[in-house]
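What follows is a single structure, written as structure tokens, with notes after it.
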Amino acid sequence: MSLVVAMFLGAFLGWASHSFTGLNEGRGRIAAVFIGAAGGFIGAKMVAPMFVAAPVVGSSFSVSTLAFAGIVAVAALIAGSMIHSRWDI
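Just remember that this note's numbering sits 125 ahead of the position in the sequence shown, which is counted from 1.
What follows is the structure, given as structure tokens:
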């Protein structure tokens, strides 16, 4: 369940970055939402277990995992915007 919430957080951050800050304007809203969701997934599944202890119950919700998912999603959106502005990819 927390993985789905992390992906929704990343997708929301992607939508917000496109709508309010103008990040990823060259690619479009759908691409920004996808990059944010992928960043949320990577943050929750790969980065958070390196820094946070595993919860006692396997499927319990973790705020720290959600925080890492949000940080990685924002980093992925910024990196995507920088790559697009530099190389037009």
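A virtual CB, placed ideally from N, CA and C, is assigned to each residue, including glycine.
So what does DSSP say about L148, is it helix, strand or coil?
-> DSSP places L148 in coil when its eight states are reduced to three.
Pick from A198, W212, R211: whose alpha carbon is nearest that of A173?
-> Closest option to A173, Cα to Cα, is A198.
Closest residue to A215 among R152, A162, G147 (Cα-Cα distance) = The structure shown does not extend to residue 215, since the chain is modelled only from 126 through 214, so no value can be given for it.
Same chain only: Cβ atoms within 7 Å of R152, ignoring 5 sequence neighbours per side = Excluding sequence neighbours, R152 sits near H209.
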